Structure formats: structure tokens, C-alpha cells
Amino acid sequence: MLGIDADVAYHRLNLDPKMRPIRQKMRTIATKIEDPIREEVKKLLDAGFISEIQYPGWVSNMVMVKKSDGKWRML
């Protein structure tokens with residue numbers, strides 16, 4: 004996030020090489036929420052809050068929830 008120094012808050016996922024990856028079955032994404040997903044991912048990438056994954060075997064599906072104001076929330 005902008006304004007938060009990595010020395011203050013930083014998260015890293017350390018994996019045990021002996022552990023087997025768990026990969027959820029990929030879900031299809033409804034066409035109507037493709038644009039909100041792209042916008043949210045771009046916003047999070049630009050803010051430095053997320054980065055490209057290094058462990059593609061460890062994947063979970065995102066869930067999009069419509070907020071009361073009509074915008075979308077990514078979980």
C-alpha cells in the first residue's frame with residue numbers, strides 16, 4: 004500500500020519444499036465482472052499491494068461480492 008514502509012508491514016509466504024501444493028479447480032468468471040476484476044487487480048498492482056505470484060501451484064479462486072453502493076469487492 005502506498006505510504007506504508009515495507010520495514011513496518013511486509014508479508015512473505017515461506018513454503019516448506021516437502022509440502023504438496025493445493026490447487027483449487029479454476030472457476031469461470033462471469034463476463035459482467037471481468038472489467039471490475041481488471042480494475043481492482045491493476046489498482047492493487049499499482050499500489051504495490053500485490054505482485055505476480057511466485058508459486059503458481061498454490062492457487063485459490065477469488066470471490067467477487069457486489070457492495071451496497073454497486074461497486075465490487077474482491078475477496
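For the sequence shown, position 55 matches number 58 in the numbering used here, and the numbering has no gaps at all.
By construction, the Cβ of each residue, glycine as well, lies at the ideal position given by its N, Cα and C atoms.
Keep in mind that this is a model prediction, so the values were computed, not measured.
- DSSP, reduced to helix, strand and coil, places V68 within a strand of the structure shown.
- Note that the C-beta distance between V62 and R15 is not below 8 Å.
- With a contact defined as Cβ atoms closer than 8 Å, N64 and M22 miss out at about 20 Å.
- Relative to A12, the option among I36, F52, K70 and V66 whose CA is nearest is F52.
- For the options G73, N17, A9 and K74, the alpha carbon positioned closest to that of Q57 is the one of N17.
- In the three-state reduction of the DSSP assignment, R41 falls in the helix class.
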